[in-house]
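Here is the structure we will look at.
Protein chains: 4
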Amino acid sequence: MLSENTLILLYQDERHKYLIPIGNDKFHTDKGFINFSDLKTKNFGDTVTTNKDEIFYILQPSLYDKVMKVHRKTQIIYPKDIGIIIMYSNIFPGATVIESGVGSGALTTALANFVGPTGKVISYERNEDFAKNTEKNLLKNGLNEPVTIKLREMTEELTFDEENVDFVMIDIGSPWDLIKPAYKALKPGCRMSSICPTFEQLTKTVFKMQEIGFTNIESMEIQLRKILVREGKTRPEQRMPCHTGWLIFGNKINKTI
Amino acid sequence: MLSENTLILLYQDERHKYLIPIGNDKFHTDKGFINFSDLKTKNFGDTVTTNKDEIFYILQPSLYDKVMKVHRKTQIIYPKDIGIIIMYSNIFPGATVIESGVGSGALTTALANFVGPTGKVISYERNEDFAKNTEKNLLKNGLNEPVTIKLREMTEELTFDEENVDFVMIDIGSPWDLIKPAYKALKPGCRMSSICPTFEQLTKTVFKMQEIGFTNIESMEIQLRKILVREGKTRPEQRMPCHTGWLIFGNKINKTI
Amino acid sequence: MLSENTLILLYQDERHKYLIPIGNDKFHTDKGFINFSDLKTKNFGDTVTTNKDEIFYILQPSLYDKVMKVHRKTQIIYPKDIGIIIMYSNIFPGATVIESGVGSGALTTALANFVGPTGKVISYERNEDFAKNTEKNLLKNGLNEPVTIKLREMTEELTFDEENVDFVMIDIGSPWDLIKPAYKALKPGCRMSSICPTFEQLTKTVFKMQEIGFTNIESMEIQLRKILVREGKTRPEQRMPCHTGWLIFGNKINKTI
Amino acid sequence: MLSENTLILLYQDERHKYLIPIGNDKFHTDKGFINFSDLKTKNFGDTVTTNKDEIFYILQPSLYDKVMKVHRKTQIIYPKDIGIIIMYSNIFPGATVIESGVGSGALTTALANFVGPTGKVISYERNEDFAKNTEKNLLKNGLNEPVTIKLREMTEELTFDEENVDFVMIDIGSPWDLIKPAYKALKPGCRMSSICPTFEQLTKTVFKMQEIGFTNIESMEIQLRKILVREGKTRPEQRMPCHTGWLIFGNKINKTI
């Protein structure tokens, strides 16, 4: 049986799905409402019916669901890009990682998931509203434990409080400003990453990384195209997001800066 | 200082990079050899020089490096696809997951990294040679602890030994044969995944998943294009891998089968 | 000076552009109206101002503009795909080509442009409304001369009236039905083409072409991504059409059918 | 029957195809030789057999074949890009167009095909070797009639000899140098185009076009992915060219420069 506060994905179709914790009263969908008392008699994998006789499935949320359903105050880093960030770095249970800034906590959610309760995610953010929103998002997803949000504006002259961290993500409008702090915080040989929507940000960030002391610098973009599989009518979706940003990775080398 | 058995990435450029544990004698590159005794006086982030005066950086391997450098006896699942598998499922430190078959252990490496020492990866493989090769790959990468390889050919009539697992990956030529076993092994509401190189495999697998009892079925393909950032000459790479396979995901629903 | 009936592109920006012939009274845009008498004192390359002081450029329409601005009663074949059709076939001034069906005349427009007044485009269409609409589109674009629309439903058992044509385009929901007629109408060694939105149409059409007597059969899809070049903020567009259909080409070989 | 000098495509498969005029003696393939006297007893669509019993089809060359088989002394503009250039401009039988430089004549071949014998292609090229090679390529393809190659190095200060042309293509390493000459040569309101392999060339060219007097400036890239359709094994090709260059288009506006 599903119990209070359990996070579930209520799923009818691609356009009607909700990520919610089990609560006390009712949950309103645009296909009618569901009584939480009904949900508490159900299990994952079951269906539940709204007062308008619309059927929803009760599913285990994937990390994709948790990331996509964060309440957004900013643009988020999308799962297609987070998947690459996770693979092209060195993230593992128990790792210590830094990100700056936190945005709406989409990447934070994934980092918290993968470093786990024995790891640490330290997130620097200058905007209090974004920080608070991210905290709520993490709490809802049950992923707040490893995360510390530091309300602080980072600049080129400052240093992160942490040293010898396994990974640093820089996601701000002028990533070149935080390459030096990222360098100082990283364990030697480890990787930092950044994401840049424009060509000019991409080149400026890469050149700054070369200058400060990174090697094995790689840049790339990711495209994800859905295929709609239907009896006799299988085809790719007709429109897709085709640009979020270029991802950059590089390994810190020992250098006097 | 680097110590015996530490895994390092020796990096000169994209075409000259080696993932090796620190050993006792020499390591031969195609740019000359390096004495391990020299490496033991170094730290991550330092450079080391071959007997032919070629310089290599000593870097922390990323998960990408570990996956791409598995010794291959088969096609592997690429990091771009693994990143999506990890994000679109529910993988976390301590999770229990099944994969069938194991191939060369590329995905196994990533799964082992993310479920960590408190989690379990159970890998079914019928080919003894592949199984042994994967064991060696995992050992080299220090990721063997969570993994159990079961040397067994799975068929539609058989069941996996495990129940209530968090995720099942089917990566065989006829994925439809293992949808029923995957269904039985999965925790209700949880996700399975498969990867299919051909259109006919894709559709047949999706239709079988619908029949057996999955919802929220999604299919997609991923493309990764590198950008070469160079002063005044920035451009995308000129050729790229443009097809590996379509990824499929779906959540188990409760149904009598 | 611009004279009566000259076709012009009134251009303000990507979202505000109009393809119109010079007329007698006024032209209404959503930024106010323009008096045609004003336009008749202008030349190509000049600007003209609406009664709301909005400025439009008077430009020479490109073939792209003519194709995209056909009045639509159906889905159209897009310029990105037409460009490939034109290049992968043998279309030239004076060529004779067949298409079936005509849709809204997007491809017809391009074919008429390239075969020119000495060539012939014979378009078979069963829907009278589509045929009439295409005639109007061609007339507006000044490209009606080479085109003959035949109001007729083609089936596998029928033959096109023409023989020894340079190119046949099949653009219907069941292209396999018209492979035999296309084969009979084509000059030996020449190419036919088709466009198929779904995988199942694609494979069925290709297999039928192999059966009837075509070789050098190629299938492909085209993607066009715009880049927005702006001082310091250059980036690809964020969403794009990512699937129209697969294009198929093949050359007729001599065979008794 | 095929006669002397007729251009044919000898086709066995994607890797074994030859674009040749019917000659007098023998044609050597890497699957044995074919006697031209045998070919002269054949028709388009027939097969012919080499002395090693290898079968080739005799096909009508497409424009794609003519473009791809030009003898190359330089990088060429690929058919996927030429198709877009042709569609996004105003090219028609009888049009007058300029290109600078000529390269190996790939685009020249397509332009000559579409403007036809009543049109004019004026190609400026500073390299005598490239000019001569292009002349041979055009002659082989029977497309030399509309083309005049002018052996001349164009610079920003010079003007093309022609005025009021329908289209100008700039394909040199520093396209910004020829924007002013292109502007002067174009009919008001008409389009020029350029192709730029690097990001820096792209932005510099666009900014120069804005400065000199163009509007409706668009930039884009094209990707073509082949699909291999085979009974039960249909899938996209596994590697593809993923970058040639960004295409730029813009319309001349009246301005004092």
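Protein chains in written order, with this note's numbering: chain A, 3 to 259; chain B, 3 to 259; chain C, 3 to 259; chain D, 3 to 259.
Don't be surprised by glycine CBs; every beta carbon is placed ideally from N, CA and C.
### Task
Report yes or no: do three or more beta-carbon pairs, one from the segment 42 to 54 of chain D and one from the segment 189 to 198 of chain C, lie closer than 8 Å?
yes
### Task
Could you check if T157(A) is buried or exposed, using at least 16 other CB atoms within 10 Å of its CB as the buried criterion?
exposed
### Task
Answer with yes or no whether the minimum CB distance from R227(B) to chain F is below 7 Å.
Annotation note: the requested chain F is absent from the structure, which comprises protein chains A, B, C and D.
### Task
Compute the distance between the beta-carbons of G107(D) and T136(D), then report whether it is under 7 Å.
yes
### Task
Ignore the nearest five residues each way along the sequence and tell me which others in I24(C)'s own chain have a CB closer than 7 Å to its CB.
L4, S5, E6, N7, T8, I10, F38, L41 and K42
### Task
Tell me, please, whether the CB atom of F201(D) is closer than 7 Å to any CB atom in chain B?
yes
### Query
Which residue comes first and which comes last in the alpha helix (DSSP H) that contains G85(C)?
P81 to M89
### Query
My guess is that I224(D) and D83(D) are in contact by the Cβ rule of under 8 Å, so how many angstroms apart are they, rounded?
6 Å
### Query
Of the residues that make up the segment 86 to 120 of chain B, which ones have a beta carbon closer than 9 Å to any beta carbon in chain A?
I86, I87, I88, M89, Y90, S91, N92, I93, F94, P95, G96, A112, N115, F116, V117, G118, P119 and T120
### Message
Less than 7 Å between CB atoms is the rule here; does M222(C) satisfy it with respect to chain A?
### Response
no
### Task
For I1(A), return the contacting residues in chain B, with the cut-off set at a CB-CB distance below 7 Å.
Chain A is shown from 3 up to 259; residue 1(A) falls before or after that span and cannot be answered.
### Task
Hey, could you find the ends of the alpha helix (DSSP H) K210(C) is sitting in?
F201 to I214
### Query
Name the DSSP beta bridge partners of T51(D), please?
I57(D)
### Query
Could one say the Cβ of P81(A) lies closer than 7 Å to chain B's Cβ atoms, at least one of them?
yes
### Task
Flag T49(D) as yes if its beta-carbon sits less than 7 Å from any beta-carbon of chain B, otherwise no.
no
### Query
Can the beta-carbon of L145(A) be found less than 7 Å from the beta-carbon of N115(A)?
yes
### Query
R154(D) to I219(D), Cα distance in whole Å?
28 Å
### Query
Taking Cβ positions, are Y80(C) and T246(C) nearer each other than 7 Å?
yes
### Query
K71(A): which of E239(A), M242(A), I22(A) and E127(A) sits nearest, CA to CA?
I22(A)
### Query
Using 7 Å as the limit for Cβ to Cβ distance, is L216(C) near chain D?
The amino acid at residue 216(C) is misidentified as Leu; the sequence shows Phe. So, not an interface residue.
#### Entry: Segment contact, 8 Å Cβ cut-off, at least three pairs: the segment 162 to 172 of chain D with the segment 89 to 99 of chain D
yes
#### Entry: Same chain, Cβ closer than 7 Å to G215(A), five either side skipped, listed in chain order
Y185, K254, I255, K257 and I259
### Range covered by the alpha helix (DSSP H) that runs through L249(D)
Premise fails: L249(D) lies in the beta strand (DSSP E), W248 to K254, not in any alpha helix (DSSP H).
### Query
Helix or strand or just coil, what does DSSP make of D40(C)?
helix
#### Entry: Listed by chain order, chain B residues near R237(D) by CB distance under 7 Å
P199, T200, F201 and H245
### Query
Is any beta-carbon of chain A found at less than 7 Å from that of R205(B)?
The question names Arg, yet the displayed sequence has Thr at residue 205(B). True, the Cβ-Cβ gap to chain A drops below 7 Å.
### Query
Using the beta-carbon count (16 or more within 10 Å), is T161(C) buried or exposed?
exposed
### Query
Going by beta carbon distance, what residues of the same chain come within less than 7 Å of T110(C), once the five residues before and after it are set aside?
E101, V104, V123, S125, T136, L140 and V149
### Message
Along the segment 45 to 71 of chain A, where does the CB come closer than 8 Å to a CB of chain B? Name the residues.
### Response
N45, F46, G47, D48, T49, Y59, I60, L61, Q62, P63, S64, L65, Y66 and V69
### Query
Closest Cβ-Cβ distance between Y13(B) and chain A: below 7 Å?
yes
### Same chain only: Cβ atoms within 6 Å of M211(A), ignoring 5 sequence neighbours per side
I181, I219 and G252
### Task
Mind listing the chain B neighbours of W248(A)? Cutoff is C-beta to C-beta under 8 Å, in chain order.
I229
### Chain-ordered neighbours of G234(A) on chain C, where CB pairs are closer than 7 Å
E202
### Message
According to DSSP, G34(B) sits in a beta bridge with which residue or residues?
### Response
T31(B) and D32(B)
### Message
Considering only the alpha carbon of each residue, which of G175(A), S91(A) and E213(A) lies closest to Y66(B)?
### Response
S91(A)
### Message
For a cutoff of 7 Å on Cβ pairs, would you count N266(A) as touching chain B?
### Response
In the structure as shown, chain A begins at 3 and stops at 259. Residue 266(A) is therefore absent and cannot be evaluated.
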